[in-house]
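Student: Residue numbers (the UniProt record's numbering), protein chains in the order written: chain A, 1 to 337; chain B, 1 to 337.
There are 2 protein chains.
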Amino acid sequence: MERRPTLHDVAGEAGVSAKTVSRVLNGDGPVAAATRERVLAAVGRLGFRPNLMARSIRTGGPDSTVGLVLPDLGNPFFGALAGGAEGALRGRGLTVLLGCSGGDAAREAEVVGAFLARRTSALLVVPSGGGGETAAAARAAGVPLVYLDRPGPGADCVVSSNRAGAREGVAHLLGAGHRRVGFLGDLPASLYTRRERLAGWREALAAAGLPAPAELVAGARTVAEAERAALALLALPEPPTALFASNVIAATGALLALGRSGRRDVALLSFDDLPLAEVLDPPLSAVAQAPALLGATAARLALARLDGDGTPPRTETVPTRLVLRTRTGEARPPYCE
Amino acid sequence: MERRPTLHDVAGEAGVSAKTVSRVLNGDGPVAAATRERVLAAVGRLGFRPNLMARSIRTGGPDSTVGLVLPDLGNPFFGALAGGAEGALRGRGLTVLLGCSGGDAAREAEVVGAFLARRTSALLVVPSGGGGETAAAARAAGVPLVYLDRPGPGADCVVSSNRAGAREGVAHLLGAGHRRVGFLGDLPASLYTRRERLAGWREALAAAGLPAPAELVAGARTVAEAERAALALLALPEPPTALFASNVIAATGALLALGRSGRRDVALLSFDDLPLAEVLDPPLSAVAQAPALLGATAARLALARLDGDGTPPRTETVPTRLVLRTRTGEARPPYCE
DNA sequence: ATGAAAGCGCTAACAT
DNA sequence: ATGTTAGCGCTTTCAT
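(1) For the candidate residues Thr222(A), Ile249(A) and Leu258(A), whose alpha-carbon lies nearest to that of Leu233(A)?
(2) Looking only at its chain, what residues have a beta carbon closer than 7 Å to the beta carbon of Glu337(A), apart from the 5 residues adjacent to it on each side?
(3) Look at Glu108(B) and Arg163(B) and say whether their C-beta atoms are less than 9 Å apart.
(4) Closer than 9 Å, Cβ to Cβ, to anything on chain A: give me those residues from the stretch 204-217 of chain B, in chain order.
(5) Could you list the residues in the stretch 115-137 of chain B with a C-beta less than 8 Å from some C-beta on chain A, going in chain order?
(6) Determine the DSSP secondary structure at Leu284(A), reduced to helix, strand or coil.
(7) With 16 as the cutoff for other CB atoms within 10 Å, does Glu278(A) come out buried or exposed?
(8) If you drop the 5 nearest sequence neighbours on each side, which residues of the same chain put their C-beta closer than 8 Å to that of Asp186(A)?
(9) Out of curiosity, what's the CA-to-CA distance linking Pro334(B) and Phe271(A)?
(10) Closer than 7 Å by C-beta to Thr35(A): which residues in its own chain qualify, once you throw out the five before and the five after it? Chain order, please.
(11) Quick test of your reading: Ser121(A) and Leu97(A), contact by CB under 8 Å. State the CB separation rounded to the nearest angstrom.
(12) Excluding the 5 residues preceding and the 5 following Asp72(A) in the sequence, name in chain order all residues of the same chain whose CB lies nearer than 7 Å to its CB.
(13) Starting from the beta carbon of Pro50(B), find every residue of chain A whose beta carbon is closer than 8 Å, and list them in chain order.
(14) Find out if the Cβ-Cβ distance for the pair Ala298(B), Leu70(B) is shorter than 9 Å.
(15) Taking only beta carbons into account, state which residues of the UniProt domain "HTH lacI-type" (5-59) of chain B come closer than 7 Å to chain A, listed in chain order.
(16) Thinking just about the alpha-carbon of each residue, which of Ala302(A), Glu316(A) and Leu184(A) is nearest to the one in Gly86(A)?
(17) Which runs of the beta strand (DSSP E) spanning at least 3 residues fall entirely within the stretch 40-82 of chain A, listed in chain order?
(18) Hey, how far is the Cα of Pro76(B) from the Cα of Gly83(B)?
(19) Report yes or no: is there a C-beta of chain A within less than 9 Å of the C-beta of Phe78(B)?
(20) Pick from Gly132(A), His172(A) and Thr315(A): whose alpha carbon is nearest that of Arg321(A)?
(21) In angstroms, rounded to a whole number, what distance separates the CA positions of Gly44(A) and Glu133(B)?
(22) Cα separation between Arg332(B) and Ser285(B)?
(23) May I have the straight-line CA-CA distance separating Ala242(A) from Asp273(B), to the nearest angstrom?
(24) In this structure, how does DSSP classify Glu225(A) when only helix, strand and coil are distinguished?
(25) Identify every residue that forms a DSSP beta bridge with Phe115(A).
(26) Find out if the Cβ-Cβ distance for the pair Arg119(A), Leu52(B) is shorter than 9 Å.
(27) Given this structure, state the Cα-to-Cα distance separating Gly154(B) from Ala105(A), to the nearest angstrom.
(28) Whole angstroms are fine: how far does the CA of Gly142(A) sit from the CA of Gly329(A)?
(29) Can you tell which of Leu40(B), Pro213(B), Val125(B) and Leu7(B) has the C-alpha that lies nearest to the C-alpha of Arg55(B)?
(30) Mapping the DSSP letters down to three states, classify Glu337(A) as helix, strand or coil.
(31) How big is the Cα-Cα spacing for Thr311(A) and Leu124(A)?
(32) Considering only residues of the stretch 226-295 of chain B, which uninterrupted beta strand (DSSP E) runs meet the minimum length of 3 residues and lie entirely inside it, listed in chain order?
(33) Report the neighbours of Gly87(B) on chain A: residues whose CB is nearer than 7 Å to its CB, in chain order.
(34) Note down the Cα distance separating Pro144(A) from Gly61(A), rounded to an integer number of angstroms.
(35) Over what stretch of residues does the alpha helix (DSSP H) that includes Gly165(A) continue unbroken?
Structure (structure tokens):
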């Protein structure tokens, strides 16, 4: 296996100097048409590909990569988010470095360190710890940082409209006449998104002049827990007539609970859409997020910083969308409406 | 914002030569304990992080990155695959470069080119075109290439047991007494995975001494098409009593068709598991793939090549798992005793 | 045990 | 319009 050809090899092959080859490749200084031809021919003949790392070193600036740190690629939400970011960045000639933190602050710091060592031009991070360490590292390196999905200290941030979306979803249930709407989600609501969705539930009830009793709030971390929690809610002396599931896990558990107990009289609405929502019987309405747009927005924000935007850190909110599904040509009462 | 500190800055701060700092950092030559202390202190004080690109350039070898090319991160399957690969690679100190081809051969070539220009140490690619261009580029660069999910020319490959899995799934339906099992999938079966699953369907029928008539094979590319196609199958003079959906889209369409027409007498089994499968009524059994394991396996294969494995290209098959779900919701994976 | 010099592949700053 | 020199941040000689 041969050594890969360098600029000098091309220069030799074309009978010019290295700098001239560089000029041709970068459209830099003026080059005679004939020379350019010869250089390009040599490049083709040798199959030369410039070494981007060497270029980066010499230019001194940041490398044409952007680091993306996610908690977990097994979650479709983060996958879609990565896709959105990648698309926006590739369009600008940037390559994505991908890292998983597993939701662990130490691993996040590790990954961020590795990215910074590659002189990434920006960092997009779904923060796992307090975020302070990542922010400090990014600042020290002079690299723009954008938090994704959850806010963090001292940097730009792109989030879904968790609170407003939840509020809208619950308001829809209230508009359908429900007066007791249970909240099912991951508790304690220490994570930003959970906290916001819970707040949205509270706000919707308050706006309707209704109380938000603690007994209507149930925590669950797994599908099985959520199923049990939903059943417990429905077994209350004054049970809810509708459930708001604040995430996919909770929604799945609630669906199981309703399905297995044959309760078709209880309405259900979930935050974060499910792929099979319209296939369910009855179909499931949801507050849908736009993860790809979230990723793309974060990328745009980072690019703006790279382009010199020096304004104070700001938070951009990507709107959620209430997706109401009904069963067409069916007599059975849908969960929602 | 200051220039980031370099090896020389550290050397100056510690009162030693650059090479000594390098030795300390790489555990290279012998260094006096006292000197090491001083150097490490200086590193800490300055917040020095070695420039990985500069190191890579000097060492001449490949960079500590691995390029991963996927068709589409919006698809949870590929997200999980990426997660598996990332985990296996980070464990070995490698960083993942992520690129999306969008299923387009030209974009794949573009992304591969960008990765190779960064001197990636290996390439993991879900091939979109014939794959020839990618293989040629990788070979020319002397970079190990592993195809993911679909085979390609002249390189290692990691795939799911598409054919055997489909065969097993259909055999299960046959074992339940069905004699006419419809095939619902993306046609024409030009893509490897589709072809294999169709072949598995045929093989299962053949093994049971049954015909595989063309009328039982229906193609569909979207959920709506799949729904129509499923209904068409069920409207045949001699309709199938069971359907085998060869992918998630087809399964979704079939579920819609069965649900809306109220047909609870038709069995359904899908290739590729659905997150809500157990919530459905009746629960849906499926041939589950292991995308994360697919990614991790590809990573291991690439690492083996980097470690000098020079054997001829080989194909590794990651087994699928038949997940049978019943009314009680207890999943009974037959392989897990 | 440490350092000086050279050079990886490339481009910025001056030549010419 | 092209070439020369120097040097990016690091590691490899080869000294000492």
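Note that beta-carbon positions come from the ideal geometry of N, C-alpha and C, so glycine has one too.
Tutor: The short version:
(1) Leu258(A)
(2) Caution applies to Glu337(A), whose pLDDT of 28 falls short of 50 and renders its modelled position unreliable; the value that the coordinates give is listed next. Contacts found: Ala176 and Thr326.
(3) no
(4) none
(5) Phe115, Leu116, Ala117, Arg118 and Arg119
(6) coil
(7) buried
(8) Arg194, Gly219, Ala220, Arg221, Ser246, Asn247, Ile249 and Ala250
(9) At Pro334(B) the pLDDT is 36, less than 50, meaning the model places this residue with poor confidence; the figure from the coordinates comes in the next sentence. Approximately 34 Å between the Cα atoms of the pair.
(10) Val16 and Thr20
(11) That belief does not hold up - the Cβ atoms of Ser121(A) and Leu97(A) are roughly 10 Å apart, past 8 Å.
(12) Phe78, Cys100, Gly102 and Gly103
(13) Ala117
(14) no
(15) Gly47, Arg49, Pro50, Asn51, Leu52, Met53, Ala54, Ser56 and Ile57
(16) Sequence check: residue 86(A) is Glu here, not Gly. Nearest C-alpha to Glu86(A): Ala302(A).
(17) 65-70
(18) 10 Å
(19) yes
(20) His172(A)
(21) 15 Å
(22) For Arg332(B), the predicted model reports a pLDDT of 40, less than 50, meaning its position is unreliable; a value from the coordinates is still stated below. About 10 Å.
(23) 29 Å
(24) helix
(25) In DSSP, Phe115(A) forms no bridge with anything.
(26) yes
(27) 41 Å
(28) For Gly329(A), the predicted model reports a pLDDT of 38, less than 50, meaning its position is unreliable and no value from the coordinates is stated.
(29) Leu7(B)
(30) Here Glu337(A) scores only 28 on pLDDT, less than 50, and its place in the model is too uncertain to base an answer on.
(31) 18 Å
(32) 242-245, 267-271 and 285-288
(33) Cys100
(34) 13 Å
(35) Asn162 to Gly175
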